[in-house]
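Residue numbers (numbering that gives the first Met the number 0): 0 to 315. Ideal Cβ positions, reconstructed from N, Cα and C, are used throughout, including at glycine.
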Amino acid sequence: MACANMEEVELFLNGRSQGRQLVDPYEMNHWMVAYAPGRLEAVGYAGGKVTARTQVETTGPAVALKLTPDRDRLRGDGLDATPVTVEAVDAQGRPVPLAQDLVTFAIQGGDIIGLGNGDPNSTASEKGDRRALFNGLAQVIVRTQMDGAGSLKLTAAAPGLKPASARVTVDAVAAPAVQATATSDLILDTWYAAPPAATAAEALTYRDADMTAWDDFGTRWAHDPQTADGYTLCSVRFTPQAKVARQGGRVAFLSLVGACDVYEGGRLLGRKTDAAPGRMEVTLVPGGGQRRLDLLFCTPAGAEFGFSRNVVVRQA
Numbered sequence: 000m001a002c003a004n005m006e007e008v009e010l011f012l013n014g015r016s017q018g019r020q021l022v023d024p025y026e027m028n029h030w031m032v033a034y035a036p037g038r039l040e041a042v043g044y045a046g047g048k049v050t051a052r053t054q055v056e057t058t059g060p061a062v063a064l065k066l067t068p069d070r071d072r073l074r075g076d077g078l079d080a081t082p083v084t085v086e087a088v089d090a091q092g093r094p095v096p097l098a099q100d101l102v103t104f105a106i107q108g109g110d111i112i113g114l115g116n117g118d119p120n121s122t123a124s125e126k127g128d129r130r131a132l133f134n135g136l137a138q139v140i141v142r143t144q145m146d147g148a149g150s151l152k153l154t155a156a157a158p159g160l161k162p163a164s165a166r167v168t169v170d171a172v173a174a175p176a177v178q179a180t181a182t183s184d185l186i187l188d189t190w191y192a193a194p195p196a197a198t199a200a201e202a203l204t205y206r207d208a209d210m211t212a213w214d215d216f217g218t219r220w221a222h223d224p225q226t227a228d229g230y231t232l233c234s235v236r237f238t239p240q241a242k243v244a245r246q247g248g249r250v251a252f253l254s255l256v257g258a259c260d261v262y263e264g265g266r267l268l269g270r271k272t273d274a275a276p277g278r279m280e281v282t283l284v285p286g287g288g289q290r291r292l293d294l295l296f297c298t299p300a301g302a303e304f305g306f307s308r309n310v311v312v313r314q315a
């Protein structure tokens, strides 16, 4: 099928005409052609003269990746961004429309803020550093960093294919004006309590377990008491806000019920020895991505434990 706005259109397969037709602007133009590898070309005519040509070719197997930025210059203000087209090409540099390779990306002098490939059925994340090609194509959106200057370099690699890289010039510019805002808190309101344990050492073994299989509870009321003396590990996962990830922050327990130790990644952050409800704060070191806090409560039989007010992550 050909869609044209000229007077006539003619189809060629490997240089042999498959027929010349008057253009139908509503139904388009159609030819029934037996498949043969090679070149399929449509030629448009107006006033009896050739006015346009377009063609597709049968390609060889994919041998390399190709990156094409939409722009060749960006502002180094941490806001400017551009899409980069990702293709698999054959030995002659032609795009291979059947390629489905998984491509991994790396960037210097900027950040990857989005990934896509046009597949309407894909459930892959639009964030991260990898994306599969769909019909031979994918797209990466890159952004400059604050106070950036020089260049931004994106590289792409896939097993069995020659890797590709692309550079975009980054111009130094003054930092953009921003509206001053109050600091915002991240509320940690969904916690999970592991099964009770007889000893602290036994309870701490749950730090590597999947907490989502445990009993979940909130932060505005204490957890139900245990039926026997022992220890209970309570855990939460969270992703800190950007400033906390860069500079560190604090976790404020506005009303912590029971005696407990606070851990992150096996490191003791703080200890509360008084079982009565009380406030407590611990320091968070810088670090992005998903993080996990573990609270080891001493849980005498019949005593409530947990929280009676919110738990919040705050900027340093």
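Reduced DSSP category for residue i - H, G, I as helix; E, B as strand; rest coil
i	result
Gln246	helix
Glu201	helix
Met210	helix
Ala137	strand
Ala171	coil
Ala241	helix
Asn116	coil
Pro36	coil
Leu283	strand
Gly159	coil
Ser254	strand
Gly77	coil
Val49	strand
Residue(s) in a DSSP beta bridge with residue i
i	result
Cys259	Lys271, Phe296
Arg290	Phe237
Arg278	Paired residue(s): none; Arg278 is not in a bridge.
His29	According to DSSP, His29 bridges with nothing at all.
Glu7	Leu21, Tyr44
Ser164	Thr154
Val55	Leu39
Pro94	Val88
Ser16	Phe11
Gln314	Gly248
Asp110	Arg142
Ala196	Tyr230
Asp223	Note: Asp223 sits in no beta bridge, so no partner.
Ala1	Asn28
First through last residue of the beta strand (DSSP E) which encompasses residue i
i	result
Cys233	229-237
Pro68	63-68
Thr349	Any property of residue 349 remains undetermined from this structure, which presents the chain solely from 0 to 315.
Ala156	149-156
Ala87	80-88
Leu73	72-74
Gly305	304-306
Thr182	Thr182 -> no beta strand (DSSP E), and no H or E assigned at all.
Val102	101-107
Arg130	129-131
Other residues of its chain near residue i: CB distance less than 6 Å, five sequence neighbours each side excluded
i	result
Met279	Phe252, Leu255, Lys271
Leu292	Val235, Glu263
Ala163	Leu64, Lys65, Leu66, Ala155
Cys233	Trp190, Ala192, Leu294
Thr238	Gln289
Asn309	Ile186, Thr218, Leu253
Gly247	Leu283, Val284, Pro285, Ala315
Inter-residue Cα distance where the pair is residue i and residue j
i	j	result
Val49	Gln91	27 Å
Leu12	Val139	35 Å
Gly108	Pro119	31 Å
Asp79	Asp214	45 Å
Cys297	Leu203	12 Å
Met5	Ala179	57 Å
Leu267	Ala212	24 Å
Glu7	Ala45	7 Å
Arg38	Leu151	37 Å
Tyr205	Gln314	29 Å
Ala98	Asn28	29 Å
Pro299	Ala174	56 Å
Leu132	Lys126	15 Å
Asp128	Val55	31 Å
Val102	Tyr25	40 Å
Val172	Val250	36 Å
Same chain, Cβ closer than 8 Å to residue i, five either side skipped, listed in chain order
i	result
Val62	Val88, Asp89, Ala90, Leu160, Lys161
Glu303	Ala221, His222, Asp223, Pro224, Val256, Gly257
Arg52	Glu40, Ala41, Val42, Gly43
Gln144	Gly75, Gly77, Gly108, Gly109, Asp110
Cβ neighbours of residue i in the same chain (closer than 7 Å, five flanking residues each side left out)
i	result
Thr81	Pro68, Asp69, Arg70, Leu73, Val141, Val167
Thr198	Tyr230
Chain B contact for residue i (CB, 7 Å cutoff)
i	result
Pro82	Checking the listed chains, one finds no chain B in this structure; it contains a single protein chain.
Residue i beta carbon near the ligand PLP (any heavy atom closer than 6 Å)
i	result
Leu10	You won't find the ligand PLP in this model; it holds no ligand whatsoever.
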